[in-house]
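Structure first, commentary second.
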Amino acid sequence: MSERSDDASAAPRAEGVRYDQARYVENGQYEPLLSEKDLTRVEIGAEGDETDDGDGGDGSDSPLPDHLTRDSLELPELSEPELARHYTRLSQMIYGIDSGPYPLGSCTMKYNPKFTEDVAALPKAAVHPDRSERSLQGTLELLYRLQDYLGRIGGMDAVTLQPPAGAAGEFVGIRVAAAYHEHNGEDHRDEVIVPESAHGTNFATAALGGYDVVSLPSDDEGRVDLEALEAALSEQTAALMLTNPNTLGLFERDIERIAEMVHDVGGLLYYDGANLNALLGRARPGDMGFDVMHYNVHKTFATPHGGGGPGAGPVGVVDELAPFLPAPRVREGDKTKSGESTYELFDPEHTIGHVHGYQGNWLVLVKAFAYIARLGDAGLSDASAKAVLNANYLASQLEYDIPYEPFHHEFVASAGDQDAADVAKRMLDYGVHPPTTKWPEIVSEALMTEPTEVESKGTLDRLAAAFNAVAAEDDETLEAAPGRTTARRIDQTSAARNPRLSWHAIGNTDDE
Amino acid sequence: MSFEIPDDRRYLESHEWALEENGTVRVGISDFAQDELGDVVFVELPETGDDLTQEDEFGVIESIKAVSDLYAPVSGEVTAVNEDLFDAPELVNEDPFGEGWMLEIDADDTDELEALLSAEEYEDQIA
């Protein structure tokens with residue numbers, strides 16, 4: 026193997042020499058993609074012998090055990106159109122917000138405008154966060170302005186953009202509240218009150234934050250029961266977590282009274298931003314008396330829902346809690362000699378520390394910023410108005426009973442004698458995504474529906490027609506659904522009893 | 003819908019049943035409970051020799067709908083565990099009062115069972 030002693034780094038290499046970055050040339054030869062000095066070279070067949078006498082390549086000389094090696098790789102060989110069709114077909118087998126209406130209540134599955142993707146794809150958006158502050162002024166200005174936008178939208182005095190998801194934002198919010206109480210010598214407060222109808226994350230957040238969860242029942246109209254709240258509040262109360270409008274889409278009319286009651290015992294009022302889309306530009310949690318809140322930018326500000334990918338869940342607080350926010354935040358620095366604004370990072374005085382690297386998921390924040398900046402005050406107010414109008418129009422067209430009114434951006438219908446899960450499966454056959462089902466539990470067989478502001482009257486009519494067609498069908502039809510989708514009903518019981526936790530091919534060539 | 007509620011045993015409000023024979027108490031969950039849970043997919047039980055305290059959690063039952071804690075009807079030492087449930091959790095659905103039993107406890111004091119509900123009282127609770 027004389028090639029191996031050659032200096033010519035780009036020369037194709039013989040079989041048996043492996044590079045960590047290489048390209049196949051021909052006849053079993055590879056050439057390195059990196060320059061010679063960067064190579065990590067594995068020489069097959071050398072076996073502790075530093076001389077180049079191994080010929081390698083036939084598997085039997087591999088340093089790996091036999092059962093871990095193979096003679097050939099069955100790589101697919103397809104033409105471009107075959108490949109394009111394969112992936113196009115796969116994309117058509119699923120259903121997303123780009124396919125049609127997606128009225129999952131509480132999830133605010135609004136359309137993600139494509140211009141925000143364009144903005145996030147700008148070369149200037151791709152900056153390394155470790156660069157000097159001076160060279161990152163544009164990035165810092167955007168973050169500063171987003172902190173400001175969110176603060177003004179929520180009526181909050183200070184905002185952190187770090188938390189990487191809504192649930193992470195909740196956790197940060199509760200940690201900030203805990204740090205505030207501890208700082209004031211009030212660490213005996215060990216209870217967080219959560220309404221029964223609240224999102225499951227609220228219970229989890231409170232528990233993970235180290236608090237005992239006190240569950241609060243709703244009154245007959247579906248709102249916070251003030252008498253029950255009075256009974257639940259005490260010197261042990263660290264916070265009350267609420268969303269407004271609540272899970273039934275109802276506005277908590279007594280919110281100012283509630284805030285007073287919570288503050289009277291020294292507790293804090295936490296706002297879950299899940300339903301902020303109903304209030305945009307119309308009412309602000311800060312004005313209602315909330316002290317700390319998180320924003321679900323994937324709901325309210327149309328960034329993609331995470332699905333396990335990067336997200337963002339900024340947290341806003343009133344002045345008293347600002348010193349405890351995660352570090353670093355962005356603030357304005359001294360003006361330059363020519364009078365231009367500058368921006369700098371700083372650590373809040375009693376910060377709870379870092380909750381994410383750098384400023385959080387920057388490109389998600391860029392999309393949220395772009396969305397807010399594009400819509401502006403008038404656009405955001407218009408979004409909430411249409412979200413509420415759409416929910417009310419859709420509800421007016423449905424045959425299903427809707428026990429709690431007047432709702433805002435979402436409503437909870439009851440499937441009555443039908444099983445809500447079966448209704449959902451059957452709606453798939455009508456080519457639309459079903460609502461959230463069986464939750465909240467205060468409505469039996471709940472169909473929790475949130476069309477969002479993005480749907481036209483025509484789409485809402487099509488959605489209503491799907492609901493009403495299913496409402497008229499018998500249980501047998503519903504139980505057999507879906508019949509027109511790519512995948513039939515999943516056998517959840519077998520999947521749970523006999524889970525297959527790693528991928529393997531269904532059948533192989535021997536079976537065919 | 004009516005559920006089977008054998009009157010040879012006592013019940014907890016949390017839907018476990020307890021059947022005592024010569025100081026040994028067999029434990030399972032009721033027909034009503036298995037129906038509410040739906041298809042059971044997993045049961046986690048203590049080990050033989052573990053000591054239990056009345057009304058403390060002794061295990062976990064998981065169905066396609068929910069995960070619930072299981073509570074001991076009586077204090078004592080676990081003398082037997084129904085290992086069939088690990089491979090066939092569906093036994094809880096198919097035969098909650100028989101093949102779907104979970105534990106046998108050597109009760110410290112069988113008088114503790116007096117505090118539990120009778121079949122009649124349990125029937126009133128789930129009515």
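From first to last, the protein sequence lines stand for chains D and Z.
The first sequence begins at 26 in the working numbering and counts up by one.
The second sequence begins at 3 in the working numbering and counts up by one.
C-beta: ideal position from N, C-alpha, C; glycine also.
Note that the coordinates shown come from a computational prediction; the quantities given were computed from them, not determined experimentally.
Query, Result
"Given a threshold of 16 other Cβ atoms within 10 Å of its Cβ, counted over all protein chains shown, does D:Y296 qualify as buried or as exposed?", "buried"
"Residues of chain Z with a CB under 7 Å from the CB of D:R522: which are they?", "V43, P91"
"Compute the distance between the beta-carbons of D:A489 and D:L419, then report whether it is under 7 Å.", "yes"
"Are any of the Cβ atoms in chain Z nearer than 7 Å to that of D:Q384?", "no"
"Looking at Z:F5: is its Cβ nearer than 7 Å to the Cβ of Z:F34?", "yes"
"Please check if any C-beta of chain D sits within less than 7 Å of the C-beta of Z:I66.", "yes"
"Among D:G508, D:M452, D:T502, whose alpha-carbon lies nearest the alpha-carbon of D:G125?", "D:M452"
"Is it the case that the region 458-470 of chain D contacts the region 377-391 of chain D, given that we only count it when at least three CB pairs across the two stretches are under 8 Å?", "no"
"For D:R170, name the three-state secondary structure that DSSP assigns.", "helix"
"Do you know whose CA, among D:S439, D:F228, D:P428, D:W387, lies nearest D:A150's CA?", "D:W387"
"Can you look up Z:P8 in the DSSP assignment and give me helix, strand or coil?", "coil"
"Grab the span of the alpha helix (DSSP H) containing D:H529 for me, first residue to last.", "Taken as a continuous stretch (DSSP letters only), D:H529 belongs to no alpha helix (DSSP H), as it is neither H nor E."
"Show which residues of chain Z have a CB atom less than 7 Å away from the CB atom of D:Q517.", "I66"
"Enumerate in chain order the residues of its own chain whose CB-to-CB distance from Z:L115 is below 8 Å, with the five nearest sequence positions on each side excluded.", "R12, A20, E22, V27, P75, V76, A109"
"D:L265 by DSSP, collapsed to three states: which one?", "strand"
"Is it the case that the Cβ atoms of D:G336 and D:H323 are separated by a distance below 7 Å?", "yes"
"Find the nearest neighbour of D:P476 within the set D:A109, D:P90, D:P128, judged by alpha-carbon distance.", "D:P128"
"Could you say which of D:R282, D:R170, D:P507 lies nearest to D:R354 if we only look at CA atoms?", "D:R170"
"Hey, could you find the ends of the alpha helix (DSSP H) D:A396 is sitting in?", "Looking at the sequence provided, one finds Tyr at residue 396 of chain D rather than Ala. Segment 387-421, the alpha helix (DSSP H) holding D:Y396."
"Taking a contact to mean a Cβ-Cβ separation below 7 Å, would you say D:V380 touches D:V217 in this structure?", "no"
"Considering only C-alpha positions, which residue in the set Z:D58, Z:N84, Z:P91 is nearest to D:N523?", "Z:P91"
"With D:I305 as the anchor, note down where its alpha helix (DSSP H) starts and where it stops.", "For the sequence presented, residue 305 of chain D should be read as Leu rather than Ile. First-last for D:L305: undefined, no H or E at that position."
"If I'm right that D:A263 touches D:L293 with Cβ under 8 Å, what's the distance once you round it to whole angstroms?", "7 Å"
"For D:A192, which residues from the same chain have a beta carbon less than 6 Å from its beta carbon, with the 5 sequence-adjacent residues on both sides left out?", "T226"
"Identify whether Z:G130 lies in helix, strand or coil by the three-state DSSP scheme.", "Here chain Z has residues from 3 to 129 only, and residue 130 of chain Z is not among them."
"I'd like the ranges of any beta strand (DSSP E) spanning at least 3 consecutive residues and lying wholly in the region 56-111 of chain Z.", "59-65, 69-73, 78-83, 105-109"
"What distance in whole Å lies between the Cβ atoms of D:L168 and D:E158, which are believed to be in contact at a cut-off of 8 Å?", "D:E158 to D:L168, Cβ: 12 Å. No contact."
"Between which two residues does the alpha helix (DSSP H) containing D:D283 stretch?", "Asp is not the amino acid found at residue 283 of chain D; the sequence shown has Ile there. Start and end: 280-289."
"Just tell me which of Z:A129, Z:D126, Z:L118 has its CA closest to the CA of Z:E57.", "Z:L118"
"Do D:A505 and D:V144 count as a contact pair if the criterion is CB distance below 7 Å?", "no"
"With distances taken Cα to Cα, identify the nearest neighbour of D:L273 among D:D245, D:F228, D:Q172.", "D:D245"
"Mark D:K62 as exposed unless 16 or more other C-beta atoms lie within 10 angstroms of its C-beta, in which case mark it buried.", "Low local confidence applies: a pLDDT of 44 at D:K62 is under 50, so the model's placement there is unreliable, with the coordinate-based value given in what follows. Classification for D:K62: exposed."
"Provide the residue(s) that pair with Z:I128 in DSSP beta bridges, ordered along the chain.", "None; Z:I128 has no bridge partner."
"The alpha helix (DSSP H) that contains D:R451, what's its start and end?", "445-454"
"Does Z:E122 come out as helix, strand or coil in the three-state DSSP assignment?", "helix"
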